[in-house]
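Q:
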Amino acid sequence: MTIRHLTAGGIFAAIALFFLATSLLTLDTGTTLRMGPGFMPVLLSVLLLVLAIAVALERDPEQEAGARPVPWRGLLFITLAPLLFAVSIKGLGLAPALLVLIATSAFASRTMGIGQAVVMTAVMLGVAVGVFSHLLGLPYPLLGPWLSGGAG
Amino acid sequence: MDVLANLMLGFSTAATPENLLYCLLGTVLGTAVGVLPGLGPSTTIALLLPFTFTLGPTPSLIMLAGIYYGAQYGGSTTAILLNLPGEPSSAVTALDGYQMARQGRAGHALAIAATSSFAAGTLATFVIVLFAPVLSSVALEFGPAEYFSLVVLGLIFSVALAHGSAVRALAMVVFGLLLSLVGNDVTSGEPRFTFGRLELADGINFVTLSVGFFGIAEILRNLETEGTAGIVTRTIGRLLPSRADLRACVAPIARGTAIGSLLGILPGGGALLSSFASYTLEKKLSDTPGRFGQGAIEGVAGPEAANNAGAQTSFIPMLTLGLPANAVMAMMVGAMVIQGIVPGPNVMTERPALFWGLIASMWIGNLMLLVLNLPLVGVWARLMTIPYTWLFPAILTFSAIGIYSLNGNVFDLYALCVSGVLGYVLLRLGCEPAPFLLGFVLGPMLEEHMRRAMLLSFGNPAVFVTRPISAGLLLLALLALLAMAFPAIAKKRNKVFVE
Numbered sequence: 001m002t003i004r005h006l007t008a009g010g011i012f013a014a015i016a017l018f019f020l021a022t023s024l025l026t027l028d029t030g031t032t033l034r035m036g037p038g039f040m041p042v043l044l045s046v047l048l049l050v051l052a053i054a055v056a057l058e059r060d061p062e063q064e065a066g067a068r069p070v071p072w073r074g075l076l077f078i079t080l081a082p083l084l085f086a087v088s089i090k091g092l093g094l095a096p097a098l099l100v101l102i103a104t105s106a107f108a109s110r111t112m113g114i115g116q117a118v119v120m121t122a123v124m125l126g127v128a129v130g131v132f133s134h135l136l137g138l139p140y141p142l143l144g145p146w147l148s149g150g151a152g
Numbered sequence: 001m002d003v004l005a006n007l008m009l010g011f012s013t014a015a016t017p018e019n020l021l022y023c024l025l026g027t028v029l030g031t032a033v034g035v036l037p038g039l040g041p042s043t044t045i046a047l048l049l050p051f052t053f054t055l056g057p058t059p060s061l062i063m064l065a066g067i068y069y070g071a072q073y074g075g076s077t078t079a080i081l082l083n084l085p086g087e088p089s090s091a092v093t094a095l096d097g098y099q100m101a102r103q104g105r106a107g108h109a110l111a112i113a114a115t116s117s118f119a120a121g122t123l124a125t126f127v128i129v130l131f132a133p134v135l136s137s138v139a140l141e142f143g144p145a146e147y148f149s150l151v152v153l154g155l156i157f158s159v160a161l162a163h164g165s166a167v168r169a170l171a172m173v174v175f176g177l178l179l180s181l182v183g184n185d186v187t188s189g190e191p192r193f194t195f196g197r198l199e200l201a202d203g204i205n206f207v208t209l210s211v212g213f214f215g216i217a218e219i220l221r222n223l224e225t226e227g228t229a230g231i232v233t234r235t236i237g238r239l240l241p242s243r244a245d246l247r248a249c250v251a252p253i254a255r256g257t258a259i260g261s262l263l264g265i266l267p268g269g270g271a272l273l274s275s276f277a278s279y280t281l282e283k284k285l286s287d288t289p290g291r292f293g294q295g296a297i298e299g300v301a302g303p304e305a306a307n308n309a310g311a312q313t314s315f316i317p318m319l320t321l322g323l324p325a326n327a328v329m330a331m332m333v334g335a336m337v338i339q340g341i342v343p344g345p346n347v348m349t350e351r352p353a354l355f356w357g358l359i360a361s362m363w364i365g366n367l368m369l370l371v372l373n374l375p376l377v378g379v380w381a382r383l384m385t386i387p388y389t390w391l392f393p394a395i396l397t398f399s400a401i402g403i404y405s406l407n408g409n410v411f412d413l414y415a416l417c418v419s420g421v422l423g424y425v426l427l428r429l430g431c432e433p434a435p436f437l438l439g440f441v442l443g444p445m446l447e448e449h450m451r452r453a454m455l456l457s458f459g460n461p462a463v464f465v466t467r468p469i470s471a472g473l474l475l476l477a478l479l480a481l482l483a484m485a486f487p488a489i490a491k492k493r494n495k496v497f498v499e
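Residue numbers (the UniProt record's numbering), protein chains in the order written: chain A, 1 to 152; chain B, 1 to 499.
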């Protein structure tokens with residue numbers, strides 16, 4: 001039993017308990033003859049709970065995957081980029097949303113400098129607008145209602 | 001309908017200009033993305049999946065299949081030139097392929113990889129033509145109880161043959177099954193786990209999960225080892241292998257094809273297990289086993305043939321039973337569902353043009369790979385030198401736009417972030433995403449058949465063990481579970497995957 005196993009088991013247990021509680025509170029389990037919408041969820045979440053305990057207690061023959069560093073910076077920027085894209089696509093339009101997405105994700109790498117990021121963002125933005133808007137003809141306006149002066 | 005008529009129908013479907021174009025597009029795109037370091041076939045398909053939905057069912061499946069074997073070929077190219085296999089199945093190719101490249105024989109390795117893939121692909125296509133109808137007609141006799149047990153067996157097998165911890169893989173399967181229940185219940189129409197969000201009424205989007213678990217999580221994993229990329233072998237050398245080389249490879253290719261065709265049908269293992277098995281076999285049979293790992297051409301030919309044959313025959317359970325054998329097939333099943341096709345034995349009888357057209361297109365696609373890729377190898381090698389700092393903004397752009405274009409729905413993008421981070425955390429904890437995706441895709445099928453079986457048996461759960469075929473399937477699943485629990489076998493299983 002290691003911290004790694006406990007964490008994995010803990011995650012599965014949390015998921016199982018969440019589904020179990022929700023289905024017991026909101027769904028009808030029914031009978032074996034007429035299974036209600038809650039039957040399968042209860043069955044599966046109990047199963048997952050058992051497996052979560054097994055995962056936590058497991059004796060692992062393989063070695064721990066070494067102390068590979070967690071890419072905190074990457075984790076932050078890679079998650080932030082699609083979020084900012086999601087927030088801006090409706091209002092600002094495709095081009096600004098892509099700009100935000102590419103520029104943000106550029107900084108996920110530890111090796112990226114400002115100058116390089118600017119060049120890359122410019123190139124990728126051009127390519128992306130060309131491919132998605134012109135070549136594939138996606139039906140999203142390049143500039144959204146917030147920018148084009150419309151009332152939205 | 002006999003074999004010949006089926007093949008005729010298939011080729012006349014696959015050879016229309018539209019389908020040929022998408023087949024070509026798929027193989028080229030698949031190879032181009034597949035050669036990028038760190039991107040295996042599952043990631044490639046996940047990323048390109050959203051863009052195929054605007055096509056009709058037949059061209060989109062033909063294109064997806066093309067992306068699959070294109071990506072696999074691309075992965076082998078990266079394994080040979082860069083010693084960076086995108087997916088475990090091409091890890092074996094890297095063993096001797098990269099050594100050959102270091103000795104200046106990269107061209108030979110690439111050419112033999114392409115040739116053996118093509119030979120295996122051709123033979124495996126015939127295996128599909130011969131066996132798919134048989135399996136399909138057997139499956140048509142199955143009732144809900146048998147189908148339920150079959151899905152259980154498939155899921156258990158996929159765990160038994162996957163690498164890594166079996167317990168964690170099982171937990172991932174059940175997690176996938178649970179998540180597939182989100183959305184309105186098909187039978188009662190009652191919303192489950194939606195918390196009043198309309199976006200969740202149709203369930204969690206499987207494309208979002210695929211891209212999150214296979215795209216975003218992969219980027220994050222690659223960022224861990226940032227800055228330690230391999231060095232691309234610049235000299236490709238002569239492409240055409242010598243006569244002696246070719247002769248040495250005929251038997252390994254034949255054996256690899258046989259192993260791959262057989263193991264590819266099994267759920268879970270497919271390409272991965274077959275390439276390992278072929279490598280081990282060739283090393284055992286060789287007069288000079290010491291050469292393996294030092295650049296033995298048989299060590300490239302056998303596994304590559306097995307790899308491709310396995311990839312090809314893994315379509316059999318997917319097409320005839322609706323049972324995906326690996327993550328890629330799970331994505332294919334998901335794509336079919338989105339296109340309005342119910343995967344299962346009925347596909348062959350109800351949509352013969354799609355079924356046989358897809359199979360014929362696999363052979364055509366393999367031919368395209370052979371003809372196109374050897375001349376283009378210089379281009380692929382250059383693609384490999386794209387720095388990773390450029391790659392992941394591109395991947396992220398593709399993911400975000402692809403997901404957004406599905407429904408024009410911002411909610412899906414939030415779901416993408418969540419599943420990406422969750423996928424990465426689980427990956428770090430040694431929980432592979434493939435069993436999760438299989439569970440997610442098979443969940444609705446499992447529940448539906450279980451409900452129907454119980455209804456037919458008047459609520460008696462014994463139905464699953466009193467019907468002989470169902471009982472047999474469950475017994476097999478139980479045996480596989482027990483085998484995993486036995487320390488001796490478990491140890492051996494781990495050894496196979498570590499080697």
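The beta-carbon is built from N, C-alpha and C at its ideal position, and this holds for glycine as well. Note that the structure is predicted; figures quoted are calculated from it, not measured.
Any idea what DSSP makes of B:Pro191, helix, strand or coil?
A: strand
Q: Rounded to whole angstroms, what's the CA-CA distance from B:Asp202 to B:Phe195? Just pull it up for me.
A: 13 Å
Q: Starting from the C-beta of A:Ala14, find all residues in its chain whose C-beta is less than 8 Å away, skip the five residues before and the five after it, and write them out in chain order.
A: Within the same chain, A:Ala14 has no close Cβ partners at all.
Q: Below 6 Å CB to CB, which residues in the same chain sit around B:Pro267 once its five sequence neighbours on both sides are set aside?
A: Gly154, Phe157, Ser158 and Ala325
Q: Taking the C-alpha atoms as reference points, what is the distance between B:Leu416 and B:Arg243?
A: Using only the alpha carbons, I get a separation of about 51 Å.
Q: May I ask you to verify whether the stretch 27 to 35 of chain B touches the stretch 63 to 76 of chain B, counting CB pairs closer than 8 Å and requiring at least 3?
A: yes
Q: Counting Cβ pairs closer than 8 Å, one from the stretch 336 to 348 of chain B and one from the stretch 133 to 142 of chain B, do we hit at least three?
A: yes
Q: Could you give the DSSP three-state label for A:Leu147: helix, strand or coil?
A: Judged by DSSP in its simplified three-state form, A:Leu147 adopts coil rather than helix or strand.
Q: Since A:Ile108 and A:Phe77 are thought to touch, with beta carbons under 8 Å apart, how far apart are those beta carbons, to the nearest angstrom?
A: In the sequence as presented, Ile is not what sits at residue 108 of chain A; that position holds Ala. Correct: roughly 4 Å between the Cβ atoms.
Q: So, helix, strand or coil for A:Met112, using DSSP?
A: coil
Q: Please look up how many angstroms separate the CB atoms of B:Met336 and B:Leu61, rounded, as I've assumed it's under 8 Å.
A: 7 Å
Q: Below 8 Å between beta carbons: does that hold for B:Val425 and A:Leu51?
A: No, these two residues do not count as a Cβ contact at 8 Å.
Q: Applying a beta-carbon distance threshold of less than 8 Å, which residues of chain A neighbour B:Ile338?
A: Here the premise fails: no neighbours, minimum Cβ distance about 18 Å.
Q: For the stretch 5 to 19 of chain B, enumerate the residues whose C-beta is nearer than 8 Å to any C-beta of chain A, in chain order.
A: Those residues of the stretch 5 to 19 of chain B that come within reach of chain A (Cβ to Cβ, closer than 8 Å) do not exist; the list is empty.
Q: Consult DSSP for B:Gly183 and reduce its assignment to one of helix, strand or coil.
A: strand
Q: Can you round the beta-carbon distance between B:Ala306 and B:Gly378 to whole angstroms, since I take them to be within the 8 Å contact cut?
A: The Cβ separation is near 27 Å, so there is no contact.
Q: Would you mind working out which of A:Arg110, A:Gly30 and A:Ala117 sits nearest A:Pro71, comparing C-alpha positions?
A: With distances taken between CA atoms, A:Pro71 lies nearest to A:Arg110 out of A:Arg110, A:Gly30 and A:Ala117.
Q: B:Asn184 to A:Phe19, Cα distance in whole Å?
A: 15 Å
Q: From which residue to which residue does the alpha helix (DSSP H) around B:Asn307 run?
A: Glu298 to Thr313
Q: If we ignore side chains and look at the alpha-carbon of each, how far apart do B:Ala5 and B:Val342 end up?
A: 24 Å
Q: Starting from the C-beta of B:Gln339, find all residues in its chain whose C-beta is less than 7 Å away, skip the five residues before and the five after it, and write them out in chain order.
A: Pro57 and Ser60
Q: Any beta carbon from chain A within less than 8 Å of B:Ser405's own beta carbon?
A: yes
Q: Using a 10 Å radius around the Cβ and a threshold of 16 neighbouring Cβ atoms, would you call B:Glu141 buried or exposed?
A: B:Glu141 is exposed by the Cβ-count criterion.
Q: Grouping DSSP H, G and I as helix and E and B as strand, with all else coil, what is B:Gly357?
A: helix
Q: Buried or exposed: B:Gly40, going by 16 or more other Cβ atoms within 10 Å of its Cβ?
A: buried
Q: Would you mind telling me which residues of chain A sit closer than 8 Å to B:Met63, beta carbon to beta carbon, in chain order?
A: Those do not exist, as B:Met63 stays about 14 Å from chain A at its closest Cβ, beyond 8 Å.
Q: Can you name the residues that DSSP bridges to A:Met35?
A: Answer by DSSP bridge pairing, in chain order: A:Gly30.
Q: Is it buried or exposed, B:Asn460, if we count other Cβ atoms within 10 angstroms and call 16 or more buried?
A: exposed
Q: Contact between the stretch 83 to 92 of chain B and the stretch 432 to 441 of chain B: three or more CB pairs below 8 Å?
A: Contact between the stretch 83 to 92 of chain B and the stretch 432 to 441 of chain B is absent, because fewer than three Cβ pairs lie under 8 Å.
Q: Determine the chain B residues that contact A:Ala54 at a beta-carbon separation under 7 Å, and present them in chain order.
A: The contacting residues are Val167.
Q: Assuming A:Ala56 contacts A:Leu6 under a Cβ cut-off of 8 Å, what Cβ separation, rounded to an integer in Å, is found between them?
A: Indeed they touch by this definition, with Cβ atoms about 5 Å apart.
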